[in-house]
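This report refers to the structure that appears directly beneath it.
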Ligand code: SF4
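Numbering (my numbering), first residue to last: 153 to 502.
Okay, structure coming up:
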């Protein structure tokens, strides 16, 4: 039996018969494929669909994205998370507009030189949009292949990763690389899922060594995860003349989005005097009002446990990078999902 050829043929037959009808599967336009692939990183297809449609209605071309207002762009991205993806999309669009005449580059190497485009995304664009016979290996594809070949070495090991990539490359059929890339993603997302793979429905079960040996569920072997760091934060809702203070945050997690002033704290809740002092350091004189409850947000490597507090400022003193937002302005700002609870509490008081 030719395991490579049988794998590709069975997978494509299955994909042709019943794949999910997703909007980015109706196009080979490199810009649209690129936007979809960036949005799909860390995010489920069902969640991405409305974002993808809104995004392309607003920025139908690479030129339009290159010229987009950053605040509006981040607002459109609000709720998808990992906002650096949106900023990198725009930086890459600007670069492509300047250097490649308004289109995306046509080789994997040149695609990879764009901000936010790694090996997987470059491979997916090259295969789907340009029909180049290259593999696109993400976590889904890695899982399928480790199970199919019963790879028991850790995928954290660079040697294993290289071997899986070479294996993926060897499987790509030269006549349908784009459909193959989509079919691999589809198999990983709907059948060969991280938990409880539906092996009995799988088109490549016949050649699957992980299934044959009864070890599919345990694969791939992953490196041990570092425990998530927990940060306790006091979030300050500072009110003044029916406005609330928001501040543009530049750190990596929230870069470019607006949030409320906040401070790390060690104890059970934020100490009111420390909050007043922290605001004074920003040039805002305020009195402590009351606690407004707790919220929690899990990022990839860090957890924020947030105590939300209300304070009243004497005057709406201008703050560097800050905006005293009315209820309407607050609704229009791009803010991270992490502060959703605080934002709701602020809106209730405006
Ligand atoms: Fe994954 Fe099971 Fe299919 Fe093997 S048979 S590729 S483990 S779903």
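C-beta atoms are modelled at their ideal positions from N, C-alpha and C, and glycine is treated no differently.
- With contacts defined by Cβ atoms closer than 8 Å, residue 304 and residue 373 form a contacting pair.
- In the structure shown, residue 329 falls within a helical segment according to DSSP collapsed to helix, strand and coil.
- Within the stretch 199-251, the runs of alpha helix (DSSP H) at least 4 residues long that lie entirely inside it are, in chain order, 214-218, 222-229, 236-251.
- Assignment of residue 395 by DSSP, reduced to helix, strand and coil, places it in the strand class.
- In this chain, the beta strand (DSSP E) harbouring residue 448 covers 438-450.
- Between the stretch 381-397 and the stretch 304-319, the count of C-beta pairs closer than 8 Å stays below three; the two stretches do not touch.
- Residue 414: member of the beta strand (DSSP E) spanning 414-416, first to last residue.
- In this structure residue 340 touches residue 295 by the C-beta definition: roughly 6 Å separates them, less than 8 Å.
- For residue 170, the uninterrupted alpha helix (DSSP H) run begins and ends at 155-170, by DSSP.
- Less than 8 Å separates the beta-carbon of residue 274 from that of residue 263.
- When secondary structure is reduced to three states using DSSP, residue 296 falls in the helix class.
- Closer than 7 Å to some heavy atom of the ligand SF4: that does not describe the Cβ of residue 235.
- Exposed is the label assigned to residue 375, since fewer than 16 other Cβ atoms lie within 10 Å of its Cβ.
- Positions of the beta strand (DSSP E) runs, each at least 3 residues long and wholly inside the stretch 450-491, are given as 454-465, 474-477 in order along the chain.
- For the pair residue 203 and residue 212, the Cα-to-Cα distance works out to about 13 Å.
- Contact between the stretch 386-402 and the stretch 451-469 is present: three or more C-beta pairs spanning the two stretches fall below 8 Å.
- About 5 Å separates the beta carbons of residue 430 and residue 415, which is inside the 8 Å limit, making them a contact pair.
- Rounded to the nearest angstrom, the gap between the Cα atoms of residue 209 and residue 297 is 36 Å.
- Looking at the backbone, the Cα of residue 501 and that of residue 447 are separated by about 18 Å.
- Residue 409 counts as buried, since no fewer than 16 other beta carbons sit within 10 angstroms of its beta carbon.
- Taking the Cα of residue 442 as reference, the smallest distance to any Cα among 490, 350, 364, 498 is reached at 498.
- Separation of residue 215 and residue 180 (C-alpha to C-alpha, rounded to the nearest whole angstrom) is 18 Å.
- Ranked by Cα distance from residue 223, the first of 496, 306, 487 is 487.
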